[in-house]
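Trainee:
Protein chains in written order, with my numbering: chain H, 32 to 285; chain U, 32 to 285; chain V, 32 to 285; chain A, 32 to 285.
1) How would you call residue 94 of chain V, buried or exposed, if buried means at least 16 neighbouring beta carbons within 10 angstroms?
2) Leaving out five residues on either side along the sequence, give the residues of the same chain with a beta carbon under 6 Å from the beta carbon of residue 39 of chain V.
3) Where residue 157 of chain U and residue 233 of chain U are concerned, what is the direct C-alpha to C-alpha distance, given to the nearest angstrom?
4) Mind checking whether residue 105 of chain H and residue 119 of chain H have CB atoms under 8 Å apart?
5) For residue 112 of chain H, which residues from the same chain have a beta carbon less than 8 Å from its beta carbon, with the 5 sequence-adjacent residues on both sides left out?
6) Less than 8 Å between the beta carbons of residue 61 of chain A and residue 223 of chain A, yes or no?
7) Compare the C-alpha of residue 65 of chain A against each of A:110, A:251 and A:270 and name the closest.
8) When DSSP builds the beta bridges, which residues end up paired with residue 103 of chain A?
9) DSSP beta-bridge partners for residue 153 of chain A?
10) With DSSP run on the structure shown, which of helix, strand or coil describes residue 61 of chain A?
11) In chain V, what lies closer than 8 Å to residue 134 of chain A by C-beta?
12) Using CA atoms only, rank isn't needed, just tell me which of V:137, V:257, V:190 and V:199 is closest to residue 164 of chain V.
13) If you scan the region 189-248 of chain A from start to end, which runs of the alpha helix (DSSP H) of 4 or more residues do you find wholly inside it?
14) Is there a C-beta anywhere in chain V that falls below 8 Å from the one on residue 122 of chain U?
15) Quick check: the region 201-208 of chain A against the region 147-162 of chain A, are there 3 or more CB pairs under 8 Å?
16) With which residues is residue 170 of chain H paired in a DSSP beta bridge?
17) For residue 97 of chain U versus residue 55 of chain U, is the C-beta distance shorter than 8 Å?
18) Name the two residues that bound the continuous alpha helix (DSSP H) containing residue 133 of chain A.
19) Helix, strand or coil, according to DSSP, for residue 89 of chain H in the structure here?
20) In three-state terms, what does DSSP make of residue 96 of chain U?
21) Any C-beta of chain V sitting closer than 8 Å to the C-beta of residue 94 of chain U?
22) Quick one: Cα of residue 168 of chain H to Cα of residue 85 of chain A, how far?
23) Below 8 Å between beta carbons: does that hold for residue 171 of chain A and residue 219 of chain A?
24) If you follow the alpha helix (DSSP H) that residue 179 of chain V is part of, which residue opens it and which one closes it?
25) Using the Cβ count rule (16 or more neighbours within 10 Å means buried), how would you classify residue 166 of chain U?
26) Residue 53 of chain V: buried (16+ other C-beta within 10 angstroms of its C-beta) or exposed?
27) Are the Cβ atoms of residue 216 of chain H and residue 173 of chain H separated by less than 8 Å?
28) Once the 5 residues before and after residue 41 of chain A are set aside, which same chain residues still bring their CB inside 6 Å of it?
29) How would you call residue 132 of chain V, buried or exposed, if buried means at least 16 neighbouring beta carbons within 10 angstroms?
30) Does residue 204 of chain A have its Cβ less than 8 Å from a Cβ in chain H?
31) Relative to the C-alpha of residue 182 of chain U, which residue among U:150, U:221, U:239 and U:159 is closest?
32) Along chain H, in chain order, which residues have C-beta atoms closer than 8 Å to that of residue 98 of chain A?
33) Starting from residue 22 of chain V, follow the beta strand (DSSP E) in both directions and report where the run begins and ends.
34) Using the Cα positions of residue 81 of chain H and residue 197 of chain U, report the straight-line distance between them to the nearest angstrom.
35) Can you give me the C-alpha to C-alpha distance between residue 283 of chain V and residue 226 of chain V, rounded to a whole angstrom?
36) Taking Cβ-Cβ distances below 7 Å as the criterion, which residues of the region 227-259 of chain H are in contact with chain U?
In structure tokens, the structure reads:
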């Protein structure tokens with residue numbers, strides 16, 4: 032039995048040399064936030080849904096009381112200007128739960144984009160630091176050496192041996208399995224504490240992406256969200272601080 | 032290898048426009064209690080069993096010493112009056128253990144009911160509150176917007192953004208995967224503390240269901256069971272109270 | 032891909048109306064001990080091996096330095112006297128690790144014995160009590176009601192609603208899936224504390240089995256093993272006792 | 032769906048009577064270290080890669096900023112002298128994550144080497160002792176009895192009933208599943224504390240292997256690595272010692 036089903040809800044877009052932009056849930060939800068913001072900003076149009084038996088057996092409830100089976104969704108954007116790129120965008124509720132589910136999901140995504148003529152992809156994610164950071168940098172890794180120099184121009188940086196554990200999940204697998212099929216691409220990883228969803232890191236990633244694609248995106252809403260999260264984060268660390276202020280009475284217990 | 036096997040133990044019922052009522056084990060066992068009570072009350076007839084390799088490898092022992100392989104079971108009820116609905120009822124010992132098992136079980140259930148001409152379904156479950164409640168309300172979610180207004184008439188309520196985590200398990204998946212196949216339906220979730228089996232919540236759900244189907248059901252046995260559980264629940268919280276009465280000697284340890 | 036492979040290491044036995052006796056690892060290893068002892072006593076001959084991808088990826092090392100891939104093994108015994116039964120015996124290193132693996136293993140076992148003309152089976156296991164017991168009784172459950180009365184004659188007992196959780200694993204599944212294919216049979220469960228391997232319980236189970244099959248088995252070696260285990264068990268509880276003797280110094284810590 | 036894919040990156044080597052040498056990650060990474068060192072020393076050439084859906088969904092990042100999908104890799108070595116053996120070498124980033132994944136990976140490896148005319152294999156691993164050891168010995172186990180005497184000549188030792196738990200993972204499974212297909216071979220297990228990667232144990236294993244294959248390998252780099260690890264190990268145990276030096280103040284807490 033196949034674990035993944037692709038369902039076209041609109042006819043397949045016919046685009047010249049489209050690029051895939053992927054952002055699924057992950058550390059700090061950086062990739063998902065970035066791609067969702069991009070989809071909204073450029074008013075990209077949904078054309079397909081992916082369902083997997085390796086997603087949780089779950090429906091979400093829409094504000095109008097109807098249900099929505101968890102999935103991944105494909106959108107497209109047709110370039111408005113000559114120097115802009117045509118885009119296929121992928122985001123979703125979940126990544127595959129198991130290792131096998133991840134591989135099968137990514138193979139299905141590659142089937143879809145291969146069929147649409149995609150040759151290049153940018154996958155977006157977070158790079159979990161475990162501590163707060165004022166100005167998140169964006170690390171990257173590529174399928175091919177000649178892309179490395181090229182991408183440094185856009186402000187993404189490359190730190191030798193980072194991330195040490197490589198890239199885990201769909202963002203890495205799309206490049207890894209894609210490379211075997213002849214796709215080119217890169218993964219952009221925004222630095223993030225990793226505790227909470229991180230719109231600031233998503234903004235940093237999007238900034239680079241918009242330079243590459245020549246697509247202007249209003250980032251003000253991400254900035255607002257970033258301020259909200261910053262506020263929540265401060266509240267949380269203050270609460271933690273308060274707990275830490277009176278350890279003496281309890282300290283001898285453990 | 033297929034994980035699910037459907038076994039007909041009687042010939043397929045031929046019913047005009049039957050509705051599926053599903054209640055499998057879950058939070059407070061609300062759905063299962065409700066459907067089991069309904070089956071008994073209306074004397075519905077078993078016609079099929081579902082076995083899955085994703086159920087536990089387990090047999091139960093019947094009171095007469097014979098064994099019963101864990102399964103799900105289909106029953107049917109032929110309407111006795113003109114305004115009543117014909118019913119297909121589904122209950123069982125388990126839901127699928129894994130995510131994939133859940134999806135495959137639900138696809139098999141949909142195969143069966145599609146074949147029987149079912150177009151509409153009501154799935155029953157519990158909505159875990161984590162605290163005691165005197166008068167459990169019944170929340171709902173639907174496959175289609177036009178059903179929302181319709182179902183409010185019967186006393187089910189709709190709270191925006193609840194349940195926040197959506198619906199997990201067969202009750203949600205039947206609607207989610209069913210919707211993709213063109214089924215219509217709703218999930219009714221009885222509020223329940225969620226600690227113990229909850230006949231009171233099951234009764235609340237059944238009350239709404241009987242209005243929709245025009246089938247009268249004697250709910251007195253559920254009320255009796257509800258009183259028993261209430262008694263057990265009180266005993267438990269008294270025991271807990273007693274433990275909490277003498278914390279002083281131990282308090283400084285942890 | 033199939034998870035289970037059956038490998039014949041000798042030609043298939045041709046036996047009149049053979050009975051399957053199964054004893055795989057489980058609580059107290061009661062079933063495995065019983066069948067292994069039976070195989071040795073009656074000098075049963077191995078004719079097939081079962082390998083499963085759901086067994087651990089493990090080889091054992093034989094005393095002579097060669098390896099043995101973990102498996103299940105089939106043996107047969109040809110009746111020597113008129114009133115004796117012909118036997119197919121199954122034991123092994125493991126049961127399937129996952130639920131699905133268990134179902135597929137048992138379906139393969141049923142395929143093998145169906146092909147050999149088996150119609151009846153006795154599966155052996157332990158019934159974990161969680162406390163020591165002097166004279167373990169043997170509980171049973173059957174596929175068919177008419178067997179219940181019959182088996183009580185041999186000294187096996189039937190306690191209503193026990194085991195409460197039914198029978199989990201191959202012993203239950205062979206009856207459950209077997210019944211759907213028309214096999215008849217019973218599971219004999221020797222009472223056992225369940226902490227250690229339990230030759231005493233295995234002996235109790237074998238006693239009943241030898242009456243049913245009219246096959247005499249020397250149980251003295253099981254008795255010896257039982258004494259060894261009893262000794263180990265006493266040592267362990269003494270050690271525990273010693274620890275419990277001086278709780279005062281430590282008691283206030285937790 | 033198949034879980035394993037073999038990808039030839041060079042044409043299949045044509046070798047007379049080649050022997051497989053396997054070393055995948057495991058206890059002390061003994062096998063992987065040994066085979067990687069061997070590959071480097073003899074300048075073996077990569078000819079195939081194995082990808083599995085049961086490896087983690089992960090890419091590593093190369094020093095040049097490009098990604099590498101986790102895999103296993105085959106190399107070959109053509110004998111330079113008459114008394115040397117032709118070799119097929121296997122190493123990699125991971126073993127299969129699940130039991131089923133392990134079996135399918137090993138079956139695929141056996142398919143590859145059967146196709147290349149391999150009839151004999153040596154699998155390398157560590158034997159975890161849980162304590163430091165000055166001069167690690169090398170234990171072994173074989174597919175066939177006649178190999179036992181033969182291999183003792185090379186300095187490998189055989190301790191009855193060790194390892195007690197047999198051999199878990201690819202090193203054992205290659206012998207176990209291989210034996211069923213008619214392969215001959217042995218597993219060499221270098222004694223190792225098992226806490227850290229253990230080049231000293233890898234060296235001990237390689238020493239025996241070079242005698243068998245008549246291939247001389249410079250072991251000085253493994254010796255250097257062994258010294259580094261020894262230094263780290265000392266640092267760690269000193270740190271532990273320091274912690275243990277002041278238990279008095281904390282001792283009464285737990």
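A virtual CB, placed ideally from N, CA and C, is assigned to each residue, including glycine. Here the structure is a predicted model, which means the values were calculated and not measured.
Mentor: Here's the rundown:
1) What you label residue 94 of chain V is simply residue 63 of the third chain in a count that begins at 1. Exposed, by the Cβ-count rule.
2) Within the third chain, residue 39 of chain V is the residue found at index 8, counting from 1. For residue 39 of chain V, where only same-chain residues beyond five positions count, the Cβ hits under 6 Å are 79.
3) The residue you call residue 157 of chain U lines up with position 126 of the second chain. The residue you call residue 233 of chain U lines up with position 202 of the second chain. Cα-Cα distance, rounded: 8 Å.
4) Translated into positions along the first chain, residue 105 of chain H becomes position 74. Translated into positions along the first chain, residue 119 of chain H becomes position 88. Going by C-beta atoms, residue 105 of chain H is nearer than 8 Å to residue 119 of chain H.
5) For the purposes of this step, residue 112 of chain H is taken as the residue at position 81 of the first chain. Excluding positions up to five away in sequence, the list reads 245.
6) Numbered from 1 along the fourth chain, position 30 holds the residue referred to as residue 61 of chain A. Numbered from 1 along the fourth chain, position 192 holds the residue referred to as residue 223 of chain A. Taking 8 Å as the Cβ cut-off, residue 61 of chain A and residue 223 of chain A qualify as a contacting pair.
7) Working through the fourth chain from its first residue, we reach residue 65 of chain A at position 34. Nearest option by C-alpha distance: A:251.
8) In the fourth chain, counting from the first residue as 1, residue 103 of chain A sits at position 72. According to DSSP, which records beta bridges pairwise, residue 103 of chain A is partnered with A:81 and A:123.
9) Residue mapping note: residue 153 of chain A aligns to position 122 of the fourth chain, counting from 1. BP columns for residue 153 of chain A point to A:52 and A:217.
10) In the fourth chain, residue 61 of chain A corresponds to position 30, counting from 1. The answer is helix: DSSP assigns residue 61 of chain A an H, G or I state.
11) Within the fourth chain, numbered from 1, the residue matching residue 134 of chain A stands at position 103. Residues of chain V passing the Cβ test: 84 and 88.
12) As a working mapping, residue 164 of chain V is identified with position 133 in the third chain. Taking only the C-alpha atoms, the option nearest residue 164 of chain V is V:257.
13) Listed in chain order, the complete alpha helix (DSSP H) runs (minimum 4 residues) inside the region 189-248 of chain A are 201-211 and 230-244.
14) For the purposes of this step, residue 122 of chain U is taken as residue 91 along the second chain, with counting starting at 1. Against chain V, the CB of residue 122 of chain U has no partner CB under 8 Å away; the residue lies outside that interface.
15) Counting Cβ pairs under 8 Å, three or more are found: they touch.
16) If you number the first chain from 1, residue 170 of chain H lands on position 139. H:188 and H:220, per the DSSP bridge assignment.
17) The residue given as residue 97 of chain U occupies position 66 in the second chain. The residue given as residue 55 of chain U occupies position 24 in the second chain. It is not a contact, given that the beta carbons lie outside the stated cut-off.
18) Taking the fourth chain and counting its residues from 1, one reaches residue 133 of chain A at position 102. Run containing residue 133 of chain A: 130-146, per the alpha helix (DSSP H) assignment.
19) Here residue 89 of chain H refers to the residue found at position 58 of the first chain. The answer is strand: DSSP assigns residue 89 of chain H an E or B state.
20) On the second chain, residue 96 of chain U is found 65 positions in, with the first residue counted as 1. Residue 96 of chain U: coil per DSSP, three-state reduction.
21) The count along the second chain starts at 1 and reaches residue 94 of chain U at position 63. For residue 94 of chain U, the answer is yes, since a Cβ of chain V falls inside 8 Å of its Cβ.
22) Here residue 168 of chain H is taken as the residue at index 137 of the first chain, counted from 1. Here residue 85 of chain A is taken as the residue at index 54 of the fourth chain, counted from 1. Computed Cα separation, rounded: 33 Å.
23) The count along the fourth chain starts at 1 and reaches residue 171 of chain A at position 140. The count along the fourth chain starts at 1 and reaches residue 219 of chain A at position 188. In this structure, residue 219 of chain A lies closer than 8 Å to residue 171 of chain A by Cβ.
24) Along the third chain, read from residue 1 onward, the residue named residue 179 of chain V stands at position 148. That run of the alpha helix (DSSP H) goes 176-183.
25) To locate residue 166 of chain U, count along the second chain from 1; it is residue 135. Exposed, by the Cβ-count rule.
26) Counting from one through the third chain, the residue named residue 53 of chain V turns up at place 22. Residue 53 of chain V is buried by the Cβ-count criterion.
27) Reading the first chain from its first residue, position 185 is the one you call residue 216 of chain H. Reading the first chain from its first residue, position 142 is the one you call residue 173 of chain H. Cβ distance < 8 Å, so residue 216 of chain H and residue 173 of chain H count as in contact.
28) Residue 41 of chain A sits at position 10 when you count from the first residue of the fourth chain. The answer, listed in chain order, is 78.
29) Walking along the third chain from the start, residue 132 of chain V turns up at place 101. When all chains shown are included, residue 132 of chain V counts as buried.
30) Within the fourth chain, numbered from 1, the residue matching residue 204 of chain A stands at position 173. No, residue 204 of chain A lies away from the interface with chain H (no Cβ there is under 8 Å from its Cβ).
31) Your numbering for residue 182 of chain U matches position 151 in the second chain. Of the candidates U:150, U:221, U:239 and U:159, the one whose C-alpha sits nearest the C-alpha of residue 182 of chain U is U:239.
32) Here residue 98 of chain A refers to the residue found at position 67 of the fourth chain. Going along chain H in sequence order, the residues near residue 98 of chain A (Cβ under 8 Å) are 172, 173, 174, 197, 198, 203, 206, 207, 210 and 218.
33) Because chain V spans 32 through 285 in this model, residue 22 of chain V falls outside it and cannot be assessed.
34) Taking the first residue of the first chain as position 1, residue 81 of chain H is located at position 50. Taking the first residue of the second chain as position 1, residue 197 of chain U is located at position 166. Those two C-alpha atoms are separated by around 19 Å.
35) What you label residue 283 of chain V is simply residue 252 of the third chain in a count that begins at 1. What you label residue 226 of chain V is simply residue 195 of the third chain in a count that begins at 1. With a pLDDT of only 36 at residue 283 of chain V, under 50, the local geometry of the prediction cannot be trusted, and no value is derived from it.
36) none
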